[in-house]
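Residue numbers (the working numbering): 606 to 986.
See below:
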């Protein structure tokens, strides 16, 4: 069966998700705010879940129609052949959201859609009630400017839940955003990579997973694995293919932090991710960071606001970063921060910057491109 598959994305990462999908061989993508859509079958649902590093989750869009009142919403939802999608024991959980639409009561929209789904199911099963004791089908009704979209979540816990990060630092960066920073930087594993604010190790670990070409969802499960319409052998084959594509690329990733307690957590996380052999962890204040290597990359998420309460401390840190990093005259720097006065304190205007969100915190990703290594061009987004 062919579905409209939707990979949702945090603001600013849509193009990165689209690039990932193209790398997996998908074409004719539709890129919109917060989502990238494609056509695919059950195997493609499994591949997207197991392989996507920067998407939040993978949905199947069931229907899209105009709904300016509850009757239009009910009829649009009722027209869907839910009985061909959800088994009689399926648990039908409905969530919703509404933006700039006449139907603004989300709870009422959820109730209308749930009723429509149940009534549609009765067309085939002819029962008064459903046990809802089987696999979960999380349906979302999303209204935007009076257009209703009905989707089913195939992922379950978000794709950032890789399974390796049980120990977190004080302000953890989501794995999907960390992977996005690495991919946006254009880093290649032949170059030294450093994170002098590694915290619980998310950026170095995601970089190592990318370089090793290890699928981020390889070690976890997904809610759609319980669905009867996706045979278990498909998941097995996709995982086996992913294992075969892993490599033993030699590299050296430097991860440092001045907090020994978070470094212990970072080491444990790297071990669980299977990349501890690729990362060197060291207790080191940022002002002591040095390297004799040339043409390296620093990708980091330094403390800001949420982790440092005094603005003066943040300003001193930005100045220290500039004094330390700019000594590395052949290196490139990629810095995610929510501190709006970063550039003048760092001491140089960024080559490029883009708006990203770390959870609900608006940040900017400042990109400082160093010289290209001799004989090679640097991949830049």
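All C-beta atoms in this analysis are idealised placements derived from N, C-alpha and C, irrespective of residue type, glycine included.
Which of the three DSSP states, helix, strand or coil, is assigned to residue 824? Correct three-state label for residue 824: coil.
Name, in chain order, the residues that DSSP records as bridge partners for residue 789. In the DSSP output, where bridge partners are listed per residue, residue 789 has none listed.
Counting only the same chain and skipping the five closest in sequence on each side, list residues whose C-beta sits under 6 angstroms from that of residue 717. Its chain contains 675, 678, 679 as the residues whose beta carbon lies nearer than 6 angstroms to that of residue 717, once the 5 sequence neighbours on both sides are disregarded; these appear in chain order.
Does DSSP classify residue 967 as helix, strand or coil? Looking at residue 967 - three-state DSSP - the assignment turns out to be strand.
Cα-Cα separation, residue 908 to residue 838: Distance between the alpha carbons of residue 908 and residue 838 is about 45 angstroms.
Taking DSSP as the reference, what is the three-state secondary structure of residue 795? For residue 795, the three-state secondary structure derived from DSSP is coil.
Going by DSSP in three states, residue 655 sits in which element: helix, strand or coil? Helix at residue 655.
Where does the unbroken alpha helix (DSSP H) through residue 682 begin, and where does it stop? The continuous alpha helix (DSSP H) containing residue 682 extends over residues 675-683.
So residue 623 is in the alpha helix (DSSP H); what residue range does that whole segment cover? Its alpha helix (DSSP H) spans residues 619-628.
Can you check which of these residues, 952, 608, 905, is closest to residue 779 by C-alpha distance? If you compare the alpha carbons of 952, 608, 905 with that of residue 779, the shortest gap goes to 905.
For residue 885 and residue 857, which I take to be in contact (beta-carbon distance under 8 angstroms), what is that distance rounded to the nearest angstrom? The Cβ separation is near 7 angstroms, so the contact holds.
Residue 892, buried or exposed, once every other Cβ within 10 Å from all chains shown has been counted against 16: It is exposed - the Cβ of residue 892 has fewer than 16 other Cβ atoms within 10 Å.
Considering only residues of the same chain and omitting the five flanking positions on each side of residue 953, which have a CB-CB separation below 8 angstroms? 927, 931, 973, listed in sequence order.
Given 8 angstroms, three or more beta-carbon pairs between the stretch 735-746 and the stretch 801-818: These segments do not touch.
Whole-Å CB distance - residue 599 paired with residue 942, under 8 angstroms assumed: Lying before the first or after the last residue shown, residue 599 is absent from the chain, which here runs from 606 to 986.
Taking the alpha-carbon of residue 683 as reference, which of 739, 845, 723 has the nearest alpha-carbon? If we check each option's Cα against that of residue 683, 723 comes out closest.
Boundaries of the beta strand (DSSP E) in which residue 882 is found, first to last residue: Residue 882 -> no beta strand (DSSP E), and no H or E assigned at all.
Sequence ranges, beta strand (DSSP E) only - wholly within the stretch 675-748, length at least 3: 696-704, all fully within the stretch 675-748.
Compare the Cα-Cα distances from residue 840 to each of 759, 804, 738 and report the closest residue. Closest in alpha carbon position to residue 840, among 759, 804, 738, is 759.
Buried or exposed, going by whether 16 or more other CB atoms sit within 10 Å of the CB of residue 917? By the 10 Å Cβ count, residue 917 comes out exposed.
Whether residue 719 touches residue 699 by CB criterion (8 angstroms): A contact, by the Cβ cut-off of 8 angstroms.
At what residue ranges does the stretch 886-935 contain a whole run of the alpha helix (DSSP H), taking only runs of 4 or more? Residue ranges of uninterrupted alpha helix (DSSP H) with 4 or more members, entirely inside the stretch 886-935 and ordered along the chain, are 916-930.
What residue from 804, 951, 626 has the CA that sits closest to residue 860's CA? For the residues 804, 951, 626, the minimum Cα distance to residue 860 belongs to 804.
Where residue 815 sits in the DSSP three-state scheme: It is helical.
Contact the stretch 639-655 vs the stretch 611-631: 3+ CB pairs below 8 angstroms: Yes, they touch.
Look up residue 668 in the DSSP assignment and give the residues it is bridged to. According to DSSP, which records beta bridges pairwise, residue 668 is partnered with 755.
Which of the three DSSP states is assigned to residue 779 in this structure? Coil, per DSSP.
Residue 954 by DSSP, collapsed to three states: which one? Here residue 954 sits in coil by DSSP.
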